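Residue numbers (my numbering): 1249 to 1420.
The next block holds one structure in the form of structure tokens; read it before the comments.
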Ligand code: AMP
């Protein structure tokens, strides 16, 4: 874990002043760090019978795809509005400034699925809470929530539903 941490770049004041951005591109470009991230993420779910991994646009697509591949599960993209070509369901949620919407294909998940929703960083939790509520509408057997990084000081876990099983590889 220390190795991955050493490959994460802190970028001050991105995308706006006051934000310390945890940049994972420097870890993803490092073969050993990418391998450890993929392996460690997947170890948490090996015996859970996971059938679908939902990745949140866009940084959640990277770890989410690796996780799906490692678990022998399918991959489902959760995207910004207007990007998915077929019929979708959507959720709108509050951001610090204004609102945001995410979408998922209406036929992406069934009641027989066991789902992991993955994003790179848990910050305020608003994005994941919206994604969780979206996936919940499909009434799958189980929903797990996975992050590479959790920014504990922002208390993102508190806005996630109490029944969400949340894991993160690295806490700051
Ligand atoms: P949230 O505030 O939890 O809804 O986060 C919104 C999105 O922005 C998530 O997809 C995070 O990956 C990303 N994000 C928010 N804050 C940071 C940060 N400090 N460093 C890296 N990514 C962040």
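All C-beta atoms, glycine included, are put in the ideal place defined by N, C-alpha and C.
Here the structure is a predicted model, which means the values were calculated and not measured.
Contact between residue 1267 and residue 1364 does not hold, since their C-beta atoms are separated by about 27 Å, which reaches or exceeds 8 Å. Leaving aside the five residues that flank residue 1382 on each side, the residues in its chain whose CB is nearer than 6 Å to its CB run, in chain order, 1339 and 1352.
When the Cα atoms are used, residue 1272 and residue 1281 turn out to be separated by approximately 10 Å. Inter-residue distance for residue 1335 and residue 1354 is about 6 Å (C-alpha atoms, whole angstroms).
Remark: the C-beta of residue 1369 is in contact range of ligand 1, defined as less than 7 Å to any heavy atom. A residue is called buried when at least 16 other Cβ atoms come within 10 angstroms of its Cβ; residue 1325 meets this threshold and is buried. Residue 1370 is bridged by DSSP to 1398.
In the three-state DSSP reduction, residue 1295 falls in the coil class, being neither helix nor strand. In the DSSP assignment, residue 1336 falls within the unbroken beta strand (DSSP E) covering 1336-1342. With respect to residue 1288, residue 1417 sits close: the two C-beta atoms are nearer than 8 Å. Between residue 1395 and residue 1367 a beta carbon distance of about 6 Å is seen, short of the 8 Å cut, so the two are scored as contacting. Short of 7 Å from the beta carbon of residue 1308, and not among the five residues preceding or following it, lie these beta carbons of its own chain, in chain order: 1366, 1367 and 1368.
Inter-residue distance for residue 1419 and residue 1406 is about 15 Å (C-alpha atoms, whole angstroms). The Cβ atoms of residue 1293 and residue 1392 sit closer than 8 Å to each other.
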